[in-house]
Amino acid sequence: MKQKITLFILSALLARCSSQANTKCDIDDPEGILDWNSAIIELYPVKDSDSLNVQFTYRGDLQVVADTEEEGAKYIDVTADGSTLSIKTNDYFRNNYEEDQKDQAPASTFVIYRTLSITCDGTTYPLNIQLYVQDTNNHAPTFTQDTYTYVMPMPLVPNIDLTNFGEVEIIAEDIDFSNTKLTFTVDPPEYFALDFKALPSRQYHAVLKVTQFVRYDKDLTLTITATDETDPFNTGTATVVIKKDNDFSQPDIPTFSELIYAFTYSNDGGNPAITPDDPSKEIVVTTSDSDQTEVSLSDETYFKAEYDKTTNIVAISVTNTPVESASESMMTLTLTVKLGSESSESAIIVKLPSNVVVIIPKFTAPYYTATYSVDGDGNPSLALDAGQEIAITQQASNLDVKLEGDDHFSIANVDGVWTLKADSPLQDEILKKGEDITLTLHATVTDENSEEHEGFGVVIVKLPPVLEVPRFVEANYRGQYKVDEAGVKDTVELTNGPINIVQTDETVDIVIVDNTGYFTLIKDTDGWTVDVLKYWEQVTEGGDIVLTLSATVTGADVEPGYSTLIIALPAAAEAPIFDKPYYTATYKTDTNPNTLEMTDIINVAGGDGTVVNFLDSETNSQFFNAVLNDDKSVTVSLKNNLDLKTILGEVDIVLTLQATDPAVTEVGTAALVVELPKEVTPAAFTQVYYTGSYDVDNDPDVVKINEAIELSGNYLDSTTVVLVTPTGLEDKFKLSVASPYTITLTGDIDDVHSYNEIVLTLEASIDGVPRKTSATVVIEVPSAIALPPKFSSPLYEFKYDSDSDTVTSTDGKTITIDASDPSLVLIRMEGPYTNYFNIIYEATGVCILEVANPLNPAIIDQNVEIFIVLNAVISDSSDTSSTIIAIKMPEKTGNVPLFSESYYKATYTPNESGPDIVTIPDVVPITIVSDQASDTVVKVIGQYEDNFQAEFNSNTKSWDITVINKLDDDILNVYTELVITLGAVLSGETGVGTAALILFLPDHVKEPVPLFEEASYNAQYDLREDGTPEVTGDLIVVKAADPKYVEVTLAGYTDNFILTPNENNSQWTISSSGKPLDDDTLKNNAHLVITLNAHLDNAVADGVAILVVTLPHD
């Protein structure tokens, strides 16, 4: 960070003068900074992070005029105030000078010029300021963006510039004007390198390149660091995110770094070895997942491949089997790398030494063709076809070649040329087949070790052509039988005719082989057609007539060719048929009349007289109707609603559809499955909860319900509603019979004021159906207890100033009273310090705390805080409310223990059989939260230290208050609560930490009921895919003067749901305990209604609200 330092130069600091003996204008210049002869003030060097302020004292009338348009005016201010001439750099210089010089060439020092004139004694003198500014390298390089994103096709290939794939370039800037370059680094550096190009205005373009093949299937984040060149070095960073371009990325194919790798094999002294011809060319695998990548060699008889998944390098080595002989001087193997279903290959070429290469005879061609012929005298011959010559690539003196496979042929070396011979003529049966004869050329050679080596070739002998079997153009021909309605002559129309033979020079005749006198063939210029000789008696039965066609060559002993003639007869009348064996529909009860929703479209194939209906024998068919439409689709509808008994049975109805045609005896059938509603639910209440009030001002008492209680949904006529009341109130409420339902009292409730609210439950059900719907009615009961005036806060905090003997508020709270008539409220102070303070009460309900007498120094020294209790009462009523004023004493040196709270609450209970009892709520125990809590001692100090003592409870890690002397009856009869001071001290320390304990006495005034912010809250119960429960719901908010003492509980289902409070218990969250609701609860309830209770010790009653938990429902 740039540090700003102001230098006050009062003499010759940072200045140089040319002459010191030429003063003017009665200006004190003891160091001769003002050079009047050259009219120049040279000030240097000033660091760009510093400030300059040069001052001269003068007398008389002096005026300074400066050029405000010049560049230097932005950075240097010149002023004369009547006695002092000041030349100083301004804020703009400190904040912007280096930024303004970005377009200048780098230099260690820049000069700022300022032109001005000084007028005194009627004379004007020019004066030019030259301020030399030195760079301090006080700026870190900055990038134009925090993050640069590039979308790259995968894999990344070496030397590719990633910055060409983004919308912006990676640019860093360093405005320190003495720096000439930035050095860029990248992390991680394994696959990337950085270079830079200098740009104008102190900017540098970082070029990010790939150094080797690499693939990323997930986003990769790189960190680029720019470092300047001056010590101490400054750095700046930016992030580069590389994303995969899924549209242009290549498949995830593993590859080798080269297509071919060359090796040389040796076996010196029985030690086989293989060495790469170029050791610098390692076999490197590029893959996205080394662990799943496999490398293999096509033949591992002599050599093997070993893949190092850590380095991605493949090593080729020899096996235990040496290469003893080979027919070639090189051996070529295939190296394969595989990842999943993708793979690629590279060639491994191994050069073999000459001592393992043996001469194996090899023919110049894999096969040769020759033609067999017989001359007029019956002499056979076998001649190679033109352009061929049988030769061996490896010639040897002991070479021998034989022709194997047929004794009619042989081979001989005639004048150095291997010549084929026909030794005897072939038999006629062989010639008539016309099939080529395959012969084997067998070459042998013996090496110097008397080992014999073989080579093979093939000779294909072509025989003279023979007559071919005549072939039909089509494998089968199809025709349609046409009945002549006039009874003259039926016909057959060929659909793929006429009948023809594949082109031949021979004369061919075609006949119907199995002709029984019904059909014949007639030939014309286009081919053969079918003629009907007589009527086919079974024509009305439909089906096909299948006949065989035979083609023979006239005057030749050649096998005939065959084809098939299929004649289709007119279609016979068919029974109507449905397009599916069964269909489904859903019975809907959400409207009246009910409806039927078809899942499938029903179609029927049949004649014009087809009729569709339901089987009359089925009872349920009286409720359904089927109609065949013109487009052969079927519409199914309801005639009448199903009876409720059938619907509640929840058993799907299966109906039989039948399609009939008078022209056909067969009947088409299909099934229609009507799916009835499952888990039928009664009609639901229009609201999940209703509100009402209990009125005791009437005689007799009455109940008023604020909303109309009505049902909506299905089965309204079959739904019965009952009223469920709390225990003890079963005979006090009555529910009307019909909707809208009314709730009335059957008699006054004697102890009605013992209730804060009365919660009634409405249940709707259908006879025989397990599921129910419900709603809640919350009836508010007026309180019979007149509540006392109420302070706006249970605690107000002040601090005491011992210098002025005054108190000031530290929490910003004004002490105010909430009362129906604040003018009737009386305020009383209690505690050992009431003589030192006054409370001024205004009729508007505002209290002001003032110091009446300065505190005793001993009180200030011995306490961290002192406490005063304020009681508010209406006139002389015994109903009061209280608050605490905590006054913090001036801070003291030393270690002072700190209580967890400024005040605590407890209840005092007399006990006739033993010591009286003090009960502290578990929700706010007395604890120490400062250091050395375990070494702290808590005591009761002040007025009641003879009655109570504090004892540490090792189980709860908190302090209990025990009674050592019972309170006098005078105290119990007069006071409703006491304020006791607790002190905490460390051994050897004088500082005392203090807190107040509000002790509620018997018959004290009850606290107001803690209220919920809403009368009802909602929650949703769901089951995740794994069967575990999930509960989400509204935030439950409690309103109370001191909510940290409030506890919210559920009146049911505590094994399934839990409530979690925030830090001060004012907000509670509903969640699952992890235990699912049982199946019966889920099946038989649409939602659960659970009572929420807000409990506060010493309160008039519990606050009540409703939690409605909605259950999943199909």
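The sequence shown maps to residues 170 to 1283 in this note's numbering.
Note that CB positions come from ideal geometry on N, CA and C, so glycine has one too.
Subject >> Runs of beta strand (DSSP E) wholly within the region 1188 to 1266 (minimum 3 residues, chain order) >> reply: 1198 to 1202, 1205 to 1208, 1216 to 1219, 1226 to 1230, 1236 to 1241 and 1256 to 1264
Subject >> Sequence-distant residues of its chain with Cβ nearer than 7 Å to T804 (five each side left out) >> reply: Start at 1 with the first residue of the sequence shown, and residue 804 comes out as number 635. Closer than 7 Å at the Cβ level, and outside the excluded window around T804, lie V796 and N798.
Original post:
What residues match up with G696 in a beta bridge as DSSP calls it?
Top reply: By 1-based counting over the sequence shown, the position of residue 696 is 527. DSSP, once it has assigned bridges, lists D693 as partnering G696.
Original post:
Considering only the beta carbon of each residue, do Y650 and S732 sit closer than 8 Å?
Top reply: As a working note, residue 650 is residue 481 in the sequence shown. As a working note, residue 732 is residue 563 in the sequence shown. Cβ distance not < 8 Å, so Y650 and S732 don't count as in contact.
Original post:
For P401, which residues of its own chain have a beta-carbon under 8 Å away from its beta-carbon, when the five flanking residues on both sides are left out?
Top reply: One-based indexing of the sequence shown puts residue 401 at position 232. Excluding sequence neighbours, P401 sits near N306.
Original post:
Helix, strand or coil: which one does DSSP assign to Q827?
Top reply: Here residue 827 corresponds to residue number 658 of the sequence shown, with the count starting at 1. It is a strand residue.
Subject >> Same chain, Cβ closer than 8 Å to V820, neighbours up to 5 away in sequence not counted >> reply: What you label residue 820 is simply residue 651 of the sequence shown in a count that begins at 1. So the list reads L845, once near-sequence residues are dropped.
Original post:
How long is the line joining the alpha carbons of L1039 and G1000, rounded to whole angstroms?
Top reply: Here the question's residue 1039 lines up with position 870 in the sequence shown. Here the question's residue 1000 lines up with position 831 in the sequence shown. Spanning the two alpha carbons is a distance of roughly 9 Å.
Original post:
Taking only runs of the alpha helix (DSSP H) that begin and end inside the region 413 to 476, which ones reach a length of at least 4 residues, in chain order?
Top reply: none
Original post:
Across which residues does DSSP place E1182 in a beta bridge pair?
Top reply: Position 1013 of the sequence shown, counted from the start, is the residue given in the question as residue 1182. For E1182, which the question treats as bridged, DSSP gives no partner whatsoever.
Original post:
In angstroms, rounded to a whole number, what distance separates the CA positions of N191 and T237?
Top reply: On the sequence shown, position 22 is the one that residue 191 refers to. On the sequence shown, position 68 is the one that residue 237 refers to. With a pLDDT of only 49 at N191, under 50, the local geometry of the prediction cannot be trusted, and the value read off the model is given with reservation. Their Cα atoms are separated by approximately 28 Å.
Original post:
What is the residue span of the beta strand (DSSP E) that Q303 lies within?
Top reply: For the purposes of this step, residue 303 is taken as the residue at position 134 of the sequence shown. Counting along the chain, the beta strand (DSSP E) containing Q303 begins and ends at T292 to Q303.
Original post:
Between which two residues does the alpha helix (DSSP H) containing Q856 stretch?
Top reply: Here the question's residue 856 lines up with position 687 in the sequence shown. Taken as a continuous stretch (DSSP letters only), Q856 belongs to no alpha helix (DSSP H), as it is neither H nor E.
Original post:
Which residue from G776, Y858 and V247 puts its Cα closest to that of P831?
Top reply: Translated into positions along the sequence shown, residue 831 becomes position 662. Considering only alpha carbons, the answer is G776.
Subject >> As assigned by DSSP and simplified to three states, the class of S523 >> reply: Stepping through the sequence shown from its first residue, residue 523 is reached at position 354. Looking at S523 - three-state DSSP - the assignment turns out to be helix.
Original post:
Among T278, T311 and I411, which one has its Cα closest to the Cα of P322?
Top reply: Within the sequence shown, the letter at position 153 stands for residue 322. Checking every option, the nearest Cα to that of P322 belongs to I411.
Subject >> L929 classed as buried or exposed, judged by whether at least 16 other C-beta atoms fall within 10 angstroms >> reply: For the purposes of this step, residue 929 is identified with residue 760 of the sequence shown, where counting begins at 1. Classification of L929: buried, given that the 10 Å Cβ count is 16 or more.
**OP:** Answer yes or no: do A1165 and I1053 have a C-beta to C-beta separation smaller than 8 Å?
**Re:** For this step, residue 1165 is matched to residue 996 along the sequence shown. For this step, residue 1053 is matched to residue 884 along the sequence shown. Yes. Within cutoff.
Subject >> Neighbourhood of A740 by C-beta, 8 Å cutoff - its chain only, sequence neighbours within 5 removed >> reply: Looking up residue 740 in the sequence shown gives position 571. Once the five neighbours on either side are set aside, the close Cβ partners of A740 are G711.
Original post:
Whose C-alpha, out of S719, D1100, V453 and L595, is nearest the C-alpha of K631?
Top reply: As a first step, residue 631 is located in the sequence shown; it is residue number 462 there, counting from the start. Comparing Cα positions, the closest option is L595.
Original post:
How do the region 370 to 385 and the region 284 to 300 stand: do at least 3 beta-carbon pairs fall below 8 Å, yes or no?
Top reply: no
Original post:
Does the region 980 to 990 come close enough to the region 1219 to 1234 that 3 or more CB-CB pairs lie under 8 Å?
Top reply: no
Original post:
I996 and Y1010: beta carbons closer than 8 Å?
Top reply: On the sequence shown, residue 996 is found 827 positions in, with the first residue counted as 1. On the sequence shown, residue 1010 is found 841 positions in, with the first residue counted as 1. Contact flag set, yes.
Original post:
For D917, which residues from the same chain have a beta carbon less than 7 Å from its beta carbon, with the 5 sequence-adjacent residues on both sides left out?
Top reply: Mapped onto the sequence shown, residue 917 falls at position 748. Hits under 7 Å: P869 and D870.
**OP:** For the alpha helix (DSSP H) holding L765, just list the boundary residues, first then last.
**Re:** Position 596 of the sequence shown, counting from 1, holds the residue named residue 765. Element bounds for L765: not the alpha helix (DSSP H) but the beta strand (DSSP E), T764 to M767.
Original post:
In whole angstroms, what is the alpha-carbon distance linking T615 and A495?
Top reply: Within the sequence shown, numbered from 1, the residue matching residue 615 stands at position 446. Within the sequence shown, numbered from 1, the residue matching residue 495 stands at position 326. Distance between the alpha carbons of T615 and A495 is about 15 Å.
Subject >> Rounded straight-line distance, which links the Cα of V215 to that of Q303 >> reply: Counted from its first residue, the sequence shown places residue 303 at position 134. Counted from its first residue, the sequence shown places residue 215 at position 46. Straight-line Cα distance between these residues: approximately 6 Å.
**OP:** State the DSSP-derived secondary structure class of I1043, mapped to helix, strand or coil.
**Re:** On the sequence shown, position 874 is the one that residue 1043 refers to. Reduced to three states, the DSSP call for I1043 is strand.
Original post:
So what's E598 in DSSP terms, helix, strand or just coil?
Top reply: Along the sequence shown, read from residue 1 onward, the residue named residue 598 stands at position 429. In this structure, E598 counts as helix in the three-state DSSP scheme.
Original post:
Ends of the alpha helix (DSSP H) at Y261?
Top reply: Locating residue 261 in the sequence shown gives position 92, where the first residue counts as 1. Counting along the chain, the alpha helix (DSSP H) containing Y261 begins and ends at D260 to D269.
**OP:** For my contact list, S1241 and E1182 are in at a C-beta cut-off of 8 Å; report their separation, rounded to the angstrom.
**Re:** Within the sequence shown, residue 1241 is the residue found at index 1072, counting from 1. Within the sequence shown, residue 1182 is the residue found at index 1013, counting from 1. With 8 Å as the limit, S1241 and E1182 do not qualify as a contact, their Cβ atoms being about 23 Å apart.
Original post:
Is the CB-CB distance between H308 and I344 below 8 Å?
Top reply: Residue mapping note: residue 308 aligns to position 139 of the sequence shown, counting from 1. Residue mapping note: residue 344 aligns to position 175 of the sequence shown, counting from 1. In this structure, I344 lies closer than 8 Å to H308 by Cβ.
Subject >> Meets three-Cβ-pair contact criterion under 8 Å: the region 492 to 512 and the region 461 to 470 >> reply: yes
Original post:
Is DSSP giving D1129 helix, strand or coil here?
Top reply: Working through the sequence shown from its first residue, we reach residue 1129 at position 960. Strand.
Original post:
Which residues mark the beginning and the end of the beta strand (DSSP E) in which A1012 is found?
Top reply: The residue you call residue 1012 lines up with position 843 of the sequence shown. Element bounds for A1012: n/a, residue is neither H nor E.
Subject >> Where S1103 sits in the DSSP three-state scheme >> reply: Indexing the sequence shown from 1 puts residue 1103 at position 934. The answer is helix: DSSP assigns S1103 an H, G or I state.
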